[in-house]
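Colleague:
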Ligand SMILES: Nc1ncnc2c1ncn2[C@@H]1O[C@H](COP(=O)(O)OP(=O)(O)OP(=O)(O)O)[C@@H](O)[C@H]1O
Ligand SMILES: Nc1ncnc2c1ncn2[C@@H]1O[C@H](COP(=O)(O)OP(=O)(O)OP(=O)(O)O)[C@@H](O)[C@H]1O
Ligand SMILES: [Mg+2]
Ligand SMILES: [Mg+2]
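Chains as they are written, first to last, in the numbering used here: chain R, 56 to 363; chain P, -19 to 503; chain A, 594 to 918; chain D, 95 to 459.
1. Applying the criterion that 16 or more other CB atoms from any shown protein chain within 10 Å of the CB defines a buried residue, is residue 84 of chain P buried or exposed?
2. What first and last residue would you give for the alpha helix (DSSP H) that runs through residue 710 of chain A?
3. Check whether chain A comes within 8 Å of residue 423 of chain D, counting only Cβ atoms and requiring the distance to be less than that.
4. How many angstroms separate the CA atom of residue 733 of chain A from the CA atom of residue 643 of chain A?
5. Compare the C-beta of residue 773 of chain A with all C-beta atoms of chain R and state if any pair is closer than 8 Å.
6. What residues of chain P sit near residue 318 of chain D, judged by a beta carbon separation below 9 Å?
7. Below 8 Å, how does it come out for the segment 284 to 293 of chain P and the segment 301 to 311 of chain P: are there three or more Cβ pairs, yes or no?
8. Against chain A, which members of the segment 93 to 112 of chain P pass a CB distance test of less than 8 Å?
9. Check for me: the beta strand (DSSP E) holding residue 306 of chain R runs from which residue to which?
10. Please identify, using Cβ separations under 8 Å, the residues of the segment 285 to 300 of chain P that lie next to chain D, in order along the chain.
11. Is it a yes or a no for the segment 277 to 294 of chain R touching the segment 307 to 319 of chain R, going by three-plus beta-carbon pairs under 8 Å?
12. Would you say the segment 608 to 622 of chain A touches the segment 859 to 870 of chain A, given that touching needs at least three Cβ pairs under 8 Å?
13. Would you be able to state if there are at least three C-beta pairs under 8 Å between the segment 286 to 304 of chain D and the segment 122 to 137 of chain D?
14. Skipping 5 residues on each side, what residues in its chain have a beta carbon closer than 7 Å to that of residue 629 of chain A?
15. For residue 339 of chain P and chain A, any beta-carbon pair shorter than 8 Å?
16. Measuring alpha carbon to alpha carbon, tell me which residue in D/242, D/319, D/422, D/216 is nearest residue 358 of chain P.
17. Quick one: using the 10 Å Cβ neighbour count with 16 as the cut-off for buried, is residue 441 of chain D buried or exposed?
18. Decide yes or no for the touch test of the segment 421 to 431 of chain D against the segment 669 to 679 of chain A: beta carbon pairs closer than 8 Å, at least 3 of them.
19. Cα separation between residue 303 of chain R and residue 105 of chain R?
20. Does the contact criterion of 3 or more C-beta pairs under 8 Å hold for the segment 469 to 485 of chain P versus the segment 704 to 718 of chain A?
21. Cβ of residue 267 of chain D less than 8 Å from any chain A Cβ?
22. Reducing DSSP to helix, strand and coil, say where residue 369 of chain D ends up.
23. Should the segment 93 to 102 of chain R be regarded as contacting the segment 134 to 141 of chain R, the criterion being three or more beta carbon pairs within less than 8 Å?
24. With a 10 Å radius around its C-beta and 16 neighbouring C-beta atoms as the bar for buried, classify residue 221 of chain R as buried or exposed.
25. Using the Cα positions of residue 50 of chain P and residue 213 of chain P, report the straight-line distance between them to the nearest angstrom.
26. Determine the DSSP secondary structure at residue 919 of chain A, reduced to helix, strand or coil.
27. Between the segment 234 to 253 of chain D and the segment 166 to 178 of chain D, do three or more beta carbon pairs fall short of 8 Å?
28. Identify every run of the beta strand (DSSP E) within the segment 233 to 284 of chain P, keeping only runs that are complete inside it and at least 3 residues long; order them along the chain.
29. Could you tell me the alpha carbon to alpha carbon distance between residue 674 of chain A and residue 684 of chain A, rounded to whole angstroms?
30. Report all residues from its chain with a CB closer than 6 Å to the CB of residue 353 of chain R; omit the five preceding and five following residues, and keep chain order.
31. What is the residue span of the alpha helix (DSSP H) that residue 156 of chain D lies within?
32. Can a CB atom of chain P be found closer than 8 Å to the CB of residue 596 of chain A?
33. Is the beta carbon of residue 193 of chain R less than 8 Å from the beta carbon of residue 182 of chain R?
34. Closer than 8 Å by C-beta to residue 135 of chain R: which residues in its own chain qualify, once you throw out the five before and the five after it? Chain order, please.
35. Flag this pair as yes or no: are the beta carbons of residue 504 of chain P and residue 337 of chain D separated by less than 8 Å?
36. From D/393, D/366, D/384, pick the residue whose C-alpha is nearest to that of residue 304 of chain D; which is it?
This is the structure:
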């Protein structure tokens, strides 16, 4: 059986981990198979969980989160017959599939929509833990917003520097209020559980928000502009479907293979105008075709559109 | 007996604290409008009895009658309701509250404080007028002196309209002038028809102010007599329980060179109270200097400074060399290194560690000694145990089991352990405080013999005791302390308990001569 | 100059008030308990369990008032355990507090997982299941007035009910402690329980009352976190606020008005930590967030060490009252 | 006279506390709709049913031995060191600096130096509250709590700042050099084909912790310093009489206590993670309190209690792995153990005293 390990936020974080869970559930529904799962409670459990699953014969083992990187590089060589898939991190081992997403591309589209929807000329971003990965989201978002409106102001805040930053809705909510006071009327949250506080406050205060990872439009219908989809579910689904024959190596999910994107559904149709939509689609086409190159923060740890 | 009901009648009161029987089947009658004294040695059970009357402790057995009616006193609330007020030996005041707040506490008239305080303020003025009990109602307790604090305690009782006032050793902490003032107030209260129970160790006070007096000994009530029909001598006999003074067989001392020379020793405690005021004294090798005095007149501080527990100012010479009274070397370790042994006044708080085994207590304080250590780091527990066994044998400690915890020994045997430890050290100077407090008669005798034997070996001994007979029996010279000063020195053969007792109360020989007439006039 | 004044702009101060509120409620809770001589390092745990139950019951019933009641009840239950351990059985108050914090940390997640299966959180609360901000009359109208407008609309007004309750608790606490019989006795029992006992008042009764009040106030603090500041419970959502409240209590030297000041200061430190950009602008260099996080604790240690105005705790604090062996 | 015999105090009271805690925990498991018997079986199986399980149990136990000893040593001087958490964090910092910046040829050399680093950093962290207690009278409980938070902030600052390798995501130092890696039980005990303790993190630090137990036992009951520490702890007034300096004892006992807490880092930082990760202490400092309480501050008791808690931790992790019972169950059990063995001690002791008194009376009659 395949197994999946969720990161600290838990599988019902309505965001990253939940997307992974959805992917696994879809696989189970469609194939009638079962999978083992565990929600991590602490950093120290990572290696233990991996080993326990490997020992128990689970294969492949999927894990959602960059933080598994160092544990997996320890464990993978010990179980050469087991296949592993890690999301959001590159682990260079023969039996590991590393899936990374071009979040900057999806965020770019979210930026375009935000700039179009903003009436104040200020949009904002709230990240979870301040790490290069999250800066990549912010940077893509800022580039998109500036592309749609060169005069726009983009504010960016990070919730914290530790794992707790993923699960601090109180702080998320206060950061949102602070950004509103600075004029922002669209806020994009890439912050796991903290984002729930951001979306809630945005809804309470009557501004628009942008969700992340999963489709979060339904959380506050008519108040969430869109969600930057990161198809973790697809990656998990695919890894489980491939099963023990999974091809290993480096795997990039981007706009072209629908690994990232923005969400449109009945919850936000009233918010998205036709003009906004066509501009977004046009940009998406250009990114896929290579006419627009979205700068990736992680490539050189710098961002042309935003200061951190 | 009169036909008026006694204000208080206790019948068959018993109370035990664990193995200690503090009160044994005590009965007592106190008539209204009188001052009734209670005397007894330390630990005789006086405070316990009064705490039972005030509902602070619960008696194991016995009945209480107030004005002839049987009254249950399960807690202090009930005692207050029955018209009883008590001034505890250790005051029960909230230090950082004002006088007014302390008076009102527990006797407020409703949930709001304002009206209660206003009423109390008026009442305090009335009480001050009536009894001369003046205090500043807005002063904080921690900022006023003990005499004032005691007034607050009395005011607390009067504010609660107490008809019966219990005072537990009220003068222990007072200056003579303050004490006199207190007694004037008590006389006033008596004149108003209040009943007063006065606990004290001081025979003079009993003779001066009480109408009747009860004597307690080892948890029992040994006698109740009319003050006018008794004498200090008789009361002392009743207190101690035997007619003859305990005499220790000893040869005359052969004092040699001075071992301890104290000049101008002053001590001021943490609260800034001047405890020792220029003490001068000398103890020579081969003699016992006895320090007599009422507890709290500076004897404890004297022992503590000499023993290195407290710091002081002045000059102290040991075998002719100055010792450090304040600096790095003024601690128990350095004193022991210089040949000072110290039997502390309170063996349970200081002399012993109650949860340590006897063998550990034997090394306590001397744990740096080479013979108890295998190396710089490690102690030699086997040697300690061996040593303890020998000491227990020599001092007849029962049971002779070094592994027993100190708390499992009786008071006398605990004291023997301390004595064995300190005496066997072969010190030049032995400081010894209250050597027989709470110790049974057999042990007292043994301890006294040890002290004399040590003297005969040519050691210098400084003995502090509140027991006059003990001082008389052991000392080669007697110094009397009062209010942090030495009142004078006497030779045991040339003085008696009466004279010493008066000196202990701060009186000179001349005043002492006039004393009996005074007592007769007032009594 | 403007950069510096920005540190005290309305939004920053507004956030300070919101973040200071749970600290203030917990601090006053601790004040009642410690003034009565019962140390309480279990504020954190009581807040946490109240946060969970208020959110859970609010969600299940749709009524924030029922949620509030449940939160208070849960917190009071832990108070009773603390009282049982430290008053009835004369146990160690600190150890009991440590145990209570663990108990709350574990139980909330355990129950949340069992009830809602959302990884130790409750579902988001909506509408009447939350305390919503109270709009002051004409707030919108006044808003454009410079300074006074925003101050009226969002600094003074526009908070959840519990914020006003917390602030009202300050004079109320002061009044109860210093102007009522109960307060006099309560303060006395923390200073010298023997004095209270001999004055004919029950020490056990007073201390239990104080501990219960502490429970109620912690209940309010927890409910505020989950139903006003946030819309639901997440695991460990108190995030050390109980300890900051404890620090504030020492900082305030166990006095109500000082407690308000201390909590506002610590709330402000938390608020300003959310806006490092303002700090950088004001001071011209980057101020470490970690320093701001640690500042309440550092200040408290300085106060405790008596370098700046000594904090003297209630004298009988931490010790069980034993008059008889 | 003791009402309760010594054996009852050392064995019976903790045992009853433990049973009560277990019964309540079982009720909690029932209340969340799971089967306590199955849960217990799973815990036992997972924690002690294989060398692998033992490898984890002993790994956790090693942490708890160090923090438990730390709390115990302070307890002997009547001091309540709640700061084990922060001291262990600083110990981790010491280990990390030593392992990152000194090029060691072999782990056998790295280990003693790392122990010194861990102990020194943690001891300094404990010495500040100790000094404030001894000289300024600041309540050590409050100051050590505050120092836990200050330590967390300090580590946060260092680990997201200067100690984090550039480009890394999580707040942690770089991996230590391979020459500092401590041999695990797998390395130590596996011969031939079948590896034992495979992949489990238990490592040589466990033996260091056993040595620490012996050393603490020796210190407390065999050395002069230990004698003074116990004497001061039993009675401050008697200690003063004997010329034992309170300042000295407070400082030394807290420094030793801190150093022991810090030594935990050689297990979790050097032995397991092989780098310093933020939050690596994970409450072990607090569990030290429970361990010391249960172990009656005696090294042997601490060792047994630490293994019990190691069992709970590993068993709890297994529960979380294979059932729907969240790992927080362990925290609840831990809370109950602390509550019963620490705060509600008298609740168990009082009835026991009555029973023993009655038995004695009957025996006498
Ligand atoms: N078991 C004992 N053996 C010997 N002496 C004892 C024992 N218990 C108490 N004492 C002494 O008996 C005296 C009376 O004890 P109690 O507890 O009443 O002290 P107190 O009246 O508060 O103290 P003090 O009279 O010294 O101010 C004390 O001096 C104490 O040292
Ligand atoms: N709370 C207590 N717990 C245990 N033993 C006590 C307690 N209070 C008093 N005792 C013991 O009871 C005995 C009688 O003490 P009590 O205080 O009544 O004596 P006292 O006559 O007042 O002595 P003193 O003259 O020293 O004040 C002493 O042996 C004392 O140690
Ligand atoms: Mg006395
Ligand atoms: Mg007395």
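Ideal placement from N, C-alpha and C gives every residue a C-beta, glycine not left out.
Modeller: Looking at the coordinates:
1. buried
2. Neither: residue 710 of chain A is in no alpha helix (DSSP H) and is coded neither H nor E.
3. Closer than 8 Å: yes.
4. 34 Å
5. no
6. 347, 348, 352, 353, 356, 357, 358, 359
7. yes
8. So the list reads 93, 94, 96, given in the order they occur along the chain.
9. 304 to 308
10. If the cut-off is 8 Å between Cβ atoms, the segment 285 to 300 of chain P has 287, 288, 289 near chain D.
11. yes
12. yes
13. no
14. 779, 782, 783, 799, 800, 803
15. With 8 Å as the cut-off, residue 339 of chain P does not count as an interface residue toward chain A.
16. D/319
17. Burial call: buried.
18. no
19. 17 Å
20. No: fewer than three Cβ pairs fall under 8 Å.
21. no
22. coil
23. At 8 Å Cβ cutoff, the stretches do not touch.
24. buried
25. 36 Å
26. This structure cannot speak to residue 919 of chain A, because chain A is shown only from 594 to 918.
27. yes
28. 238 to 248, 254 to 264, 267 to 272
29. 11 Å
30. Apart from the 5 residues on each side of it in sequence, residue 353 of chain R sits with its Cβ closer than 6 Å to the Cβ of 187, 191 in its chain, given in chain order.
31. 145 to 170
32. no
33. yes
34. 149, 150
35. With chain P represented from -19 up to 503, any question about residue 504 of chain P goes unanswered, as that position is not in the structure.
36. D/393
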